[in-house]
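**Q** The numbering used here applies: residue 549 is where the sequence shown begins, and numbers increase by one. All residues carry an ideal CB built from backbone N, CA and C; glycine is no exception.
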Amino acid sequence: MRSIKDKYETQIKDRDDTIDRLKDMKARLSTKMVGETLEQHCETEFNRVRSMAFPRAYFEKDNDARTGSKGDFIFRDSDDAGTEIISIMFEMKNESDRTATKSRNEDFLKELDRDRAEKGCEYAVLVSLLEPDSELYNAGIVDVFHRYPKMYVVRPQFFLPMITLLRNAATNALKYKTELALVKAQNIDITQFESQLEMFKNGFAKNYDLASRNFQTAINEIDKSIDHLQKTKDALIGADRNLRLANDKAQDVTIKKLTRGNPTMAAKFAELESQVEAAE
549 MRSIKDKYET QIKDRDDTID RLKDMKARLS TKMVGETLEQ HCETEFNRVR
599 SMAFPRAYFE KDNDARTGSK GDFIFRDSDD AGTEIISIMF EMKNESDRTA
649 TKSRNEDFLK ELDRDRAEKG CEYAVLVSLL EPDSELYNAG IVDVFHRYPK
699 MYVVRPQFFL PMITLLRNAA TNALKYKTEL ALVKAQNIDI TQFESQLEMF
749 KNGFAKNYDL ASRNFQTAIN EIDKSIDHLQ KTKDALIGAD RNLRLANDKA
799 QDVTIKKLTR GNPTMAAKFA ELESQVEAAE
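Here you go:
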């Protein structure tokens, strides 16, 4: 029994020594080093699953400080066509137990939101070990949309699940956006078709109106021509009737009629007839 007791006491002492050693190592680290260690942890965790879970993703340190500030990491993922699905600005925060001033997560949100906007990222995520006794942050994933749009605060164990959650949601959203864009394009096509049809109808109506007026003008001119021809015809008919009457009258002319009531002409015609008979 004593040997078993000694054995357990030895194991407990080893555990205590290990805990003390880790605490001492952590205490001797600067705040920056602890933060960098958290960054390294997150980077290692991501690279461990990159090839399987995020084969097309970009996850690199944000080294662009031209605007005077930069985050820790930028995550971007795209679909097979190269269209960006999602982008996330990451900031990792931790501090040593012996740091005199304890920071709060709230202290870093404003700068993180500015970094997100300046680097053109859609989301911002603070991976934090600050406020270790906070029940709110220890619950896992906390959205702070009431302060800054599309921003979350998570504990390190939720680093990968947060990326997966946002990426999957964005993928579904992209599918809906694509379908919506297709529907909009179809609506535009339909609108263009209706517009072109309306233009055709208006053009056709205008041409029909012009043609109808020209046609009516032609009809009126034909009617005028017909009326003119009818008058000419009537005049010709009238002239023909007068010519026929004149001919009839000419045919009806006889010597007797010409000399009736004219003794001189009657004597002349009688004399002419006598000469003709003598000659015969």
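Would you grab the beta carbon distance between I622 and L714 for me? Rounded to a whole angstrom, and I think it's under 8 Å.
**A** Contact flag wrong, Cβ pair sits at about 14 Å.
**Q** What is the DSSP secondary structure of A575, counted as helix, strand or coil?
**A** Legend: pLDDT at A575 = 47, less than 50; position of this residue unreliable, value from coordinates given subsequently. A575: helix per DSSP, three-state reduction.
**Q** Is the Cβ-Cβ distance between M640 and V675 less than 8 Å?
**A** It is a contact, given that the beta carbons lie within the stated cut-off.
**Q** With DSSP collapsed to three states, give me the class of K754.
**A** It is helical.
**Q** Only counting the same chain, and skipping five residues up and downstream in sequence, which positions put a Cβ closer than 8 Å to that of D655?
**A** So no residue of the chain qualifies.
**Q** Note down the Cα distance separating L708 from F594, rounded to an integer number of angstroms.
**A** Distance between the alpha carbons of L708 and F594 is about 7 Å.
**Q** When the distance is taken between beta carbons, is D565 closer than 8 Å to S617?
**A** Contact: no.
**Q** Mapping DSSP to helix, strand and coil, what is Y696?
**A** Looking at Y696 - three-state DSSP - the assignment turns out to be coil, as it is neither helix nor strand.
**Q** Please look up how many angstroms separate the CB atoms of Y696 and A672, rounded, as I've assumed it's under 8 Å.
**A** Between A672 and Y696 the Cβ distance is about 7 Å, and since that is below 8 Å, they are a contact.
**Q** Pick helix, strand or coil for D625, following the three-state DSSP scheme.
**A** D625 falls in the strand class under three-state DSSP.
**Q** Could you check what DSSP says for E643 in three-state terms: helix, strand or coil?
**A** Here E643 sits in coil by DSSP.
**Q** Among I634, N750 and H776, which one has its Cα closest to the Cα of F607?
**A** Looking at the Cα atoms, I634 is the closest of the given residues.
**Q** Taking the alpha-carbon positions, what's the K650 to Y724 distance?
**A** K650 and Y724: Cα-Cα distance of roughly 44 Å.
**Q** Classify M710: buried if its beta carbon has 16 or more other beta carbons within 10 angstroms, exposed otherwise.
**A** The residue is buried, with at least 16 neighbouring Cβ atoms inside 10 Å.
**Q** Secondary structure at A718, three-state DSSP: helix, strand or coil?
**A** Reduced to three states, the DSSP call for A718 is helix.
**Q** Determine the direct distance from the alpha carbon of A605 to that of T712, and round the result to whole angstroms.
**A** Computed Cα separation, rounded: 12 Å.
**Q** Which partner residues of E632 appear in the DSSP bridge assignment?
**A** According to DSSP, which records beta bridges pairwise, E632 is partnered with S626.
**Q** Closer than 6 Å by C-beta to D562: which residues in its own chain qualify, once you throw out the five before and the five after it? Chain order, please.
**A** Counting only Cβ-Cβ distances below 6 Å, and skipping sequence neighbours, we find nothing.
**Q** Roughly how many angstroms lie between the CA atoms of E659 and N611, to the nearest whole one?
**A** Distance between the alpha carbons of E659 and N611: 16 Å.
**Q** Take the Cβ of G630 as the centre, count every other Cβ of all protein chains shown within 10 Å, and call the residue buried at 16 or more, exposed below.
**A** Classification of G630: exposed, given that the 10 Å Cβ count is below 16.
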